[in-house]
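If you number the sequence shown the way the numbering used here does, the last residue is 2121 and the count never jumps.
Even for Gly, the Cβ is constructed at its ideal location relative to N, Cα and C.
Quick caveat: nothing in here was measured; it's all calculated off a predicted structure.
Quick notes on the structure that follows.
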Amino acid sequence: MSDPAQAVVLANPRADENEADGWVTCIVTDETPLSLQKFTKTIRKTTTVSGLYDEVTTLGGIASGTFLLSYLRKSDQEASETVLDDKSSTQLWDIVSSTSKRFLVSIKPRDGQVPVLSETAVKSDDSGALRDGSWKAMSENNNTTSGSAATLTQVPPPSYSSVANRATTRGDHAGLVNQAMTCYLNSVLQTQFMTPEFRNAIYNWQFLGGPDAAEKSIPFQLQKLFATMQTSQKRAVKTVDVTKSFGWTNADAWQQHDVQELCRVMFDALEKNFKGTAQDQLIKQLYEGTMQDYVKCLKCHYESTRSDTYMDISLVIKPFGSAKACGSVEEALRVHVTPETLNESNQYFCEKCNSKQDAHKGLKFLTFPYLLTLQLKRFDFDYNTMHRIKLNDRMTFPSSLNLNGFIAKQGNECEVVRRQSISLGTPVDSGKHFPRRPETSTSGAGAGTPAGLCSVSGDAAAAANDAAAAASTGPSASVAAGPDVGAAAAAAPVYGEETGDDDEPNYTYELLSIMVHSGSAIGGHYYAYIRSMETGKWYSFNDSNVSPITTDDIKKTFGGSTSTGTTYTSMYSSSANAYMLIYRRMDPSRNTKFMTTEEFPPHIARLVKAVEEEEEDERRQVEIERSHCRIPVFYRPTEDGQVVKKMLEAKHDVPFKEAVDIARRLHGLDIPAERCRLVKFDENYDSCECSYEDRDEEQLGHILGGIRQTYLFDLLLETRAEDEEFDVYQPNSSTLKVQEVYLEQNSVSKSVRRVRVSLSWTVEEVLKYMEKKLGFPAATTRLVVQKYAADLSMLQPGRTLNSEGFYRSAIVYAEPRFGSDAPAVFKSTDLYQVLNRHVNTVKWSVILPDLPSTDESAENQQDDVPDASKNGSTPAPLSPRVVFVEFDRRHLVSEFKQHLKQFVGGTASNQFRLFKIHGSGQETEMRLQDTMMYHSEFQLRVEYGRAVGVDEHRVNVSFFDPTDEVYMISLGEIIVAKGMSVAQMKDEVVKTCQEIAKTSPVGSDDKRHKHAVAVVDAPVEHLRLRRKNYKAPSTVLCGDLLVGREMAVYSGWEVAIQLMDAPDLFSANQTAIFVRRWKPSSHMFGPMQEISVSSTAVKATKEVLSQLSDIPVEQVEIAKAVGFFPFHYSPLEMDELNWNPKVTALDRIPISIMNDGNMLYYRDGKEQPEEVTTERRAEIERQELLRTKQLNRSTGAASYRRERALKIKTDSA
């Protein structure tokens, strides 16, 4: 979930896939004192410029004609900015390149005046156009250039008072900033904040600890958050302090959780913090109800009960085994209390009857809490697809809820009072409550009452109760047994009459909050619709956006789409619907109003004052940021040294010469300010772009192009000697980075000297200037340019630098003393040879293993580190195990290993392995025949062990057992060489297993050790070697195949060893097929087996299967398993396979078996299938779920999304 406070996606129309290039994402940032939040919209490239202005006017809430749009065009070489004409009919096609997917636009002041907000934007804060009241200085990714500096400087920075006044334009309530994926937390906190009883109780609690304890105190941080939300003028408040009190880190903010789970964990944490205080029983008093689980014998009416408490009620959308979903909360409540009938094999042992009897098992509500939480169980598991799904079925809920009929009547037998008296209540105004549900007239008892309301009294109730109890003794009474939810609920007994006793609690509720989940079972977004108990208005609390809503908006949360059960529509279908409902009991004696600021306890008043001071400081800091320029300033202490970075911060209106003095003092220089200057600098290219002559009195903001959060360039502080003058850096000039070549010593100077030249100069002019600046003789100096990598070329006399293709990152090598070494071909010179070796020499960081010697000898060897480079340079030890090694990257890895011998204790190069370490941390062994050029960008690591030689490969070996759930167990590695046979590879596998067998097993269930012993003990002819493709068994390798001839072995190649019951006689003209029998009469599978067939004929395969089973050949039916080994299918899916296709050969569609490792299911065509009842289906589904869970645990299979457990650390205050 993205944070709406950072980026608001206002629209996202999608073209079809063939028109994708016709759309562009327009990213709009604000560079005016309005400081509107960055927003985006995907629009067609056929949109005109004037149409773009209209879009920004509408979406940004800015009055037309009061602003300009500037288009930022970026390239590798430069960036440019163009102001767009608001009257232009030019299409974006003509502005944006055909391959561009993004279009960067910034809002600029027109004629130096601040843009005017439209009347709609000023009046409404829920449109998304008005941004954060905390007034951030700039958007975080505001990358623009200095194209309109003069215009920007005419706009004065906003005064503090204007910021404060603008901040009051927030809506009726403050929102909460989404830290990353904390929308679920925001929804719960906003609901609690809008609950008067909870908010007031939090205010009344008093914290007595110190500042350190306050950071970990959950109630204190809730106090601070609620007080800020109530009194702050910010549009959205941050929740970072609250999550810190939970003990969460930044990583926890990226974990999404369930709102019900959060409520339970948070309430547990609050109860621990409230112990020993006046709020000790707060959570129980507000959210806890009591219920009673019971089992009642239908013969003697003896009832066994157990009382318990609950914090919420989970209502099913679609009961287990039912094809129909509950249509309303009322219906789901009836299903919730409908007893299950225990009969037949599931009878209950009655202690009174001393025998098994039919019984009712269910629950009764004894009390309902003051704040009732109803969770709608929209997430379920589909046993057909074996995926988690979301149920988007329509479920209505009322604005007022009467639960008196669900309270257990305290009589002689404590029977359930199930009068189903749920009603909608009287609506107030449209938009504040739901409209009244239309009443229906029915004949008989209950006629004239609202739909869903049923009143039964007196003897009629008792008669109905007895009839219902008798009717519920059959199998149809179970909710899981019947497809009709309504029928199941109707079968529940109805007792008693509606209470009119004033002494009994009145459980009538009004709807307070609707927590909505928008998305699918894979992920989504939470937000809340909450009713203000002061005004009766409903608001949408969507993270930082809070806006009024209508009745139609609430009705949309009922849901409505129906899942068809397919993977796409159930697993990935997305819909926004109610997930959790909060009701408040309508009790005048307990209903309270929100505490006003005048009623705040003294400790809350002090807290509010402290929060206001913090906000005041923030606003002052924002104003400072909005009036100050912040830009990196670099300084190079020595000519060939590295630059030092400092951050320059100065007011935008200070003279440029004052900024130079600030930079001088920032870097701690004693040089007078008149001998210092700032120039435009590009750190990436280490190049000066231009200097600012005669602009000392100009404002800093003018020169930098305005106040921005980031700039596309930096500044470099330069100094000069007392008798020197600064060079003028023209835009068409560049800084040459010059290194001197010592031809006699076959080396290149490591120091870099810099000289400023014009790109329009000829080579002769450059040489004359270098003679003046660097002392190189112009007549005897050769210049060689390195444009990129190892591209070297001689600069030719008479040509300009521009014509030579010179650019900023190029390096120039100067050889000032050439004599007779001047052949016509540059690559034939000694100069080229020296430079070619220089540019191809790379410095590697090599991690070395611990030397196999004592610490003292190792230290001595480290002190005597030998030559580590081809050109005589010495390595620089970083630690006892890491060295820098320079080496020519054109040489082979085998040569590099020979060179490394001296650093691994003189170990032979074939006895240690060399790995390159990727950025992800993954390591790959380097091949001897490769050149070091392929590994220039990697850190290297040395490891003792048998190295892979030329024409050799390291192959991973696993043990394969098709009958085991964990069918692949890694055994280790073997090295195979070109010309090696399969029989020789088996011998190498046996040697590896012998080494494993010599070790002691790890634990009682060390399968690796057990399998290794089995391979060692087995006759070689009983071993089958086959390819392993990822996790699946593949081609069987015959004994006469040779590596490098019939078998193409490569890096990452894997094999599996398989133990056969008999000698393996498999030949190259056979195909190995896994087979498994399916028994429809019992919905059971036979064991996994493997057969070898010499013919592709289907008839021949059926003959083999007939011999393997007791099925006559003519009755054998086959079907190919689709998917990957081990080809698991649910028994309920077997009829979906393509049984007995009308083909005569295995290699024909739809069977298409042309290689080893495929699988066939087979069955007896005349076997009668088992009749699958609802109970049997449920049993099979439970078994499949259990098998899947066990398989995932044993194989480590990953789920679709792994979440961290939701935990809140508590420190009692």
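- Around residue 2078, the same chain offers 1988, 1989, 1990 and 1991 as residues with beta carbons nearer than 7 Å, after the five sequence neighbours per side are excluded.
- Residue 1678 counts as buried, since no fewer than 16 other beta carbons sit within 10 angstroms of its beta carbon.
- In the three-state reduction of the DSSP assignment, residue 1433 falls in the strand class, which pools E and B.
- For residue 1420, the number of other beta carbons within 10 angstroms of its own is at least 16, and it is reported as buried.
- In this structure, the CA atom of residue 1246 is about 21 Å from the CA atom of residue 1416.
- Per the coordinates, the alpha-carbon of residue 1680 lies some 28 Å from the alpha-carbon of residue 1577.
- DSSP places residue 2117 in no beta strand (DSSP E); its state is neither H nor E.
- Bounds of any beta strand (DSSP E) do not take in residue 2074, whose DSSP letter is neither H nor E.
- Note that the C-beta distance between residue 1832 and residue 1823 is below 9 Å.
- When C-beta atoms of the stretch 1956-1972 are compared with those of the stretch 2047-2062, fewer than three pairs fall below 8 Å, so the two segments do not count as touching.
- One Cα belongs to residue 1749, the other to residue 1930, and the distance between them is close to 54 Å.
- One thing to note: residue 1492 has its Cβ within 9 Å of the Cβ of residue 1279.
- Secondary-structure assignment with DSSP links residue 1880 through a beta bridge to 1865.
- Residue 2017 is not bridged by DSSP to any residue.
- Judged by beta-carbon spacing, residue 1720 lies beyond the 9 Å limit of residue 1704, meaning their Cβ atoms are not closer than that value.
- Secondary structure within the stretch 1818-1875: the beta strand (DSSP E) runs of 3 or more consecutive residues, fully enclosed, are 1820-1825, 1831-1833, 1847-1852 and 1860-1868 (chain order).
- Bounds of any beta strand (DSSP E) do not take in residue 2062, whose DSSP letter is neither H nor E.
- One thing to note: residue 1637 has its Cβ within 9 Å of the Cβ of residue 1587.
- Here residue 1809 has 1815, 1816 and 1817 as same chain residues with Cβ atoms under 8 Å from its own Cβ, once five neighbours each way along the sequence are excluded.
- In the structure shown, residue 1662 falls within a strand segment according to DSSP collapsed to helix, strand and coil.
- In the structure shown, residue 1937 adopts extended strand secondary structure according to DSSP, grouped into three states.
- Residue 1591 sits in coil when the DSSP states are folded into three classes, being neither helix nor strand.
- Rounded to the nearest whole angstrom, the C-alpha separation of residue 1515 and residue 1135 is 8 Å.
- Scanning its chain for C-beta atoms nearer than 7 Å, with the 5 sequence neighbours on each side dropped, one finds around residue 1110 the residues 1127, 1130, 1131 and 1134, in chain order.
- Distance from the CA of residue 1216 to the CA of residue 1880, rounded to the nearest whole angstrom, comes to 55 Å.
- In the structure shown, the three-state DSSP call for residue 1204 is strand.
- With a beta-carbon spacing of about 6 Å, residue 2032 and residue 1940 fall inside the 8 Å limit used to define contacts.
- Residue environment for residue 1265: buried (at least 16 other C-beta atoms within 10 angstroms of its C-beta).
- Take residue 1886, set aside five residues on each side of it, and the residues of its chain with a beta-carbon closer than 7 Å to its own are 1859, 1951 and 1952, in chain order.
- Bounds of the beta strand (DSSP E) holding residue 1013 are 1010-1017.
- Following the DSSP letters along the chain, one finds residue 1098 inside the alpha helix (DSSP H) bounded by residues 1091-1101.
- DSSP, read as helix, strand or coil, puts residue 1603 in coil.
- Just so you know, the alpha carbons of residue 1125 and residue 1541 end up roughly 43 Å apart.
- Here DSSP, grouped into helix, strand and coil, assigns residue 1311 to coil.
- Counting along the chain, the unbroken alpha helix (DSSP H) around residue 1802 starts and ends at 1801-1808.
- Below 8 Å, too few C-beta pairs join the stretch 1140-1156 and the stretch 1200-1213 to call them touching: fewer than three.
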